[in-house]
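Chains as they are written, first to last, in our numbering: chain A, 1220 to 1477; chain Y, -10 to 310.
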Amino acid sequence: MKIVVLIKEVPDTWGERRLDLETGLADRAASAPVLDEINERAVEAALAHADAHPGTEVVVLTMAPASATANVRKALAMGASAAVHVVDDTLRGADLLLTAEVLAAAIRRTGFDLVIGGNLSTDGGGGVVPAMVAELLGVPQLTALSSLALTHDTVSGDRVSDAGTMRVSAALPAVVSVTEALPEGRFTTFKGIMAAKKKPYETLDAATLGVEPEDPAQARYIMLSVAQRPPREGGTKIVDEGDAGERLAAFLVAEGVA
Amino acid sequence: MTVALVLLEVVPSGALAASSAGLLVAAARVGEPVAVIAGPADVLPGAAEAAARLGAVRVHTAEVDSSALTGPVVDAVAAAVAAENPDLVLASNAIETRDAVARLAARLRLPLATDIVGVARDDLGVVAHHSAFGGAFTVDGAPTFGPLVATLRPGSVEGQLDPQPLMVRGLEVLASGIPSGRVEAFSETAAASTRPELRGAAAVVAGGRGVGSKKDFALVEQLADALGAAVGASRAAVDAGYVPATAQVGQTGVSVSPKLYVALGISGAIQHRAGMQTARTIVAIDKNPEAPIFDIADFGIVGDLFTVVPQLISALEAHKK
Ligand SMILES: Cc1cc2nc3c(=O)[nH]c(=O)nc-3n(C[C@H](O)[C@H](O)[C@H](O)COP(=O)(O)OP(=O)(O)OC[C@H]3O[C@@H](n4cnc5c(N)ncnc54)[C@H](O)[C@@H]3O)c2cc1C
Ligand SMILES: Nc1ncnc2c1ncn2[C@@H]1O[C@H](COP(=O)(O)O)[C@@H](O)[C@H]1O
């Protein structure tokens, strides 16, 4: 079984995250880039299957600037077997469709039985890339799985929406995305980090994948303007002296919200 | 007249999803709002009538096999796009409809904008508004040319259009032939209470790890009921099993912009703030005077929620009388 895990480097949510007001892109200098937590969980899901089923290949795939290499290596150090890294200056600021086209082309080239992504990336991603990739690959998608079960020819799991919980399944090959209900990613060990240095690491550009980022016939979604809102400030802060509930009620009434 | 096509979602009870009115209002800013509804045959007539009442000038309906996940809905919307040639295809940024239009955009190779909070048109075409990084940035985006596919954050556009006479068209849908996932079983979330839905709620009362247990979470619900508010939670409260994951507010949960947000026993980690800091008024009760939630609270109380909240509820009830 070959599992491709879609991974992405994002600005650390623990830091202050900024958009560059000129380009509208995430300001990579503003906060340390990390492997998105949800993608660590996706890698973990694949590795858990590989642990129980020797012979499983886990390939991590990213489309990201060259500087993301350290975070891709982290996924290898966790235990993934190989990495594919699409790097191309013409992909800077790629919209969702272009991102999905590149990833789908890379997946087709690598081959796959299952693709696992995160349900939502933390850098303002829309939670749509896995479904778009599935369409471009012509396979079913199961998104937002809060549990994952895999056999040699099917994938299934629970999927929670506002209306209720579904039990869903699909025949392989398929694309799934997982939520943060899945277990956290395992820690990397010194041994894992050393082993990662010897694992296959393929770097590809858009042309090799047959994708034309600047095709004038293809409409793209572009940023027109970016503005920063003034940060929010704190107001009144009181220490409860036995009457805080009453004082809060008076505040809510005065604000017209109670 | 240009057309803005809206994919409306039918909830398990057969009614249109609560997001429908706002979707049609948003669509009408771009063109004539036309609806497409895909669902089981028995709910389509009622849903189409409801769509017309909410201002859809035409309603395309398609009967779909609801045991197949997403695929048949994509086929239906693709048929409606072929019939209407819209400038905008809009759907709610809820899991089901988001998946459907994501696949549609990939199939038709159309630009996609997700989780938008507004839409307009200028001389050059459709412009979408986004709120990024927890509302710290506002961004406008547009397709370089041609139509846009977009998902709208529930609750971000309010109001309701005037009713329209009912005009229904049955769609001729061609199956794409791409295999779909299967829905093996479905269990509906326990009969929705009279409490408002979290997305789009005017007031939200949220509880965190500080609430301490699933049992004590009832206090959060009592305050919510006293304020007519929806119930939210931090990820720590969800992880601890006090509430279902759908109640999570924040970076990886729901983004809310209510008039009032009350945080009980929530420290205010940056990822939580990302989902609620655009609320008009923020109230926080936390034992720890250093909790970061106080940096953004309009009214903060350093105190024990188990003494402050019961007193607050009685004071609110006394005021109502
Ligand atoms: C990638 C990523 C995504 C994340 N996404 C989200 C998200 O979407 N939403 C989210 O909420 N978090 C998210 N988190 C988690 C976030 O970092 C915090 O861990 C979480 O918000 C903490 O929840 P909390 O405030 O309830 O718990 P804590 O930080 O433990 O705070 C509990 C608070 O309760 C107070 N307290 C305790 N007892 C009482 C009492 N009796 N009365 C009053 N106060 C009391 C304490 O003083 C404390 O301040 C994410 C983290 C990561 C890394
Ligand atoms: N540039 C990318 N490279 C690899 N995977 C990606 C990329 N963008 C999105 N993904 C995958 O798609 C998931 C959802 O992303 P998004 O649609 O951006 O919210 C992420 O968690 C990743 O698994």
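Just so it is clear, CB atoms sit at the ideal spot from N, CA and C, and this is done for glycine as well.
At a beta-carbon threshold of 7 Å, the residues of chain Y lying near A1468/A are L301, A304, L305, H308, ordered along the chain.
Here the C-alpha atom of L1356/A lies approximately 20 Å from the C-alpha atom of L1369/A. For R92/Y, the closest of V66/Y, P278/Y, V106/Y by C-alpha to C-alpha distance is V66/Y.
Residues of chain A with a Cβ closer than 9 Å to the Cβ of S169/Y are, in chain order, P1359, Q1360, A1389.
The count of Cβ pairs closer than 8 Å, one atom from the segment 233 to 250 of chain Y and one from the segment 108 to 115 of chain Y, stays below three, leaving the stretches out of contact.
Of the candidates T241/Y, A69/Y, V32/Y, V(-5)/Y, V32/Y places its Cα closest to the Cα of S2/Y. Between D1381/A and chain Y, the shortest Cβ-Cβ separation is below 8 Å. Using a CB distance cut-off of 8 Å, A83/Y counts as an interface residue toward chain A. From the listed residues K204/Y, E210/Y, A215/Y, Q240/Y, the smallest Cα separation to A229/Y is found for K204/Y.
Residue side-chain check: N277/Y places its Cβ nearer than 7 Å to a non-hydrogen atom of ligand 1. Here the alpha carbon of V62/Y sits roughly 6 Å from the alpha carbon of A89/Y. In the structure shown, S169/Y falls within a coil segment according to DSSP collapsed to helix, strand and coil. Contact between the segment 6 to 19 of chain Y and the segment 1461 to 1471 of chain A is not established, with fewer than three Cβ pairs separated by less than 8 Å. Among the residues facing chain A, G130/Y is included, as its CB has a counterpart in that chain under 8 Å away.
Uninterrupted alpha helix (DSSP H) stretches at least 4 residues long and entirely within the segment 1272 to 1318 of chain A occur at 1288 to 1297, given in chain order.
Residues of the same chain with a CB within less than 6 Å of the CB of G1312/A, apart from the 5 flanking positions on each side, are L1244 in chain order. Those residues of the segment 1229 to 1244 of chain A placed with their C-beta closer than 7 Å to a C-beta in chain Y are T1232, W1233, R1236, L1238, G1243, ordered along the chain.
Interface annotation for the segment 240 to 258 of chain Y against chain A: Q240, T241, K248, L249, criterion Cβ-Cβ distance under 7 Å.
In the DSSP annotation of this structure, the continuous segment of the beta strand (DSSP E) that includes E52/Y starts and ends at 47 to 52. R87, D88, A89, V90, A91, R92, L93, A94, A95, R96, R98, L99, P100, L101, A102, T103, D104, V116, A117, H119: these are the residues of the segment 86 to 119 of chain Y whose beta carbon lies less than 9 Å from some beta carbon of chain A, given in chain order. For S120/Y, the secondary structure class from DSSP, reduced to helix, strand or coil, is strand. For F295/Y, no Cβ of chain A is located within less than 8 Å of the residue's own Cβ.
If you look at R1236/A, you'll find it isn't in any beta strand (DSSP E); DSSP assigns it neither H nor E. Contact residues of ligand 2 (beta-carbon closer than 7 Å to any heavy atom; chain order) are L1225/A, I1226/A, K1227/A, D1255/A, I1257/A, N1258/A, A1261/A, L1280/A, T1281/A, M1282/A, A1283/A, L1315/A, T1318/A, L1322/A, G1336/A, G1337/A, N1338/A, L1339/A, S1340/A, G1344/A, G1345/A, G1346/A, V1347/A, V1348/A, P1349/A, S1396/A. For D287/Y, the closest Cβ of chain A is nearer than 8 Å.
A1301/A is not a Cβ neighbour of P1435/A, given a cutoff of 8 Å. Linking A280/Y to V298/Y through their CA atoms gives a straight-line distance of about 18 Å. Across the set A1425/A, P1273/A, A1294/A, the C-alpha of A1425/A shows the shortest separation from the C-alpha of M1282/A. Rounded to whole angstroms, the separation of the alpha carbons of A131/Y and L113/Y is 9 Å. Under the rule that a run must span 4 or more residues, the alpha helix (DSSP H) segments found entirely inside the segment 1322 to 1408 of chain A read 1348 to 1356. Put simply, the CB of K1456/A is near chain Y, with a gap under 8 Å to one of its CB atoms.
As DSSP reads the structure, I105/Y sits in a beta bridge with L141/Y.
Under the DSSP assignment, D88/Y falls outside any beta strand (DSSP E), being part of the alpha helix (DSSP H) whose first and last residues are 84 to 97. In this model, N277/Y and G292/Y are separated by some 8 Å (Cα to Cα).
When CB distances to chain Y are screened at a threshold of 7 Å, the residues of the segment 1331 to 1343 of chain A falling below it are L1339, T1341, G1343, in chain order. For the pair I1326/A and V1395/A, the CB atoms are not nearer than the 8 Å cut-off.
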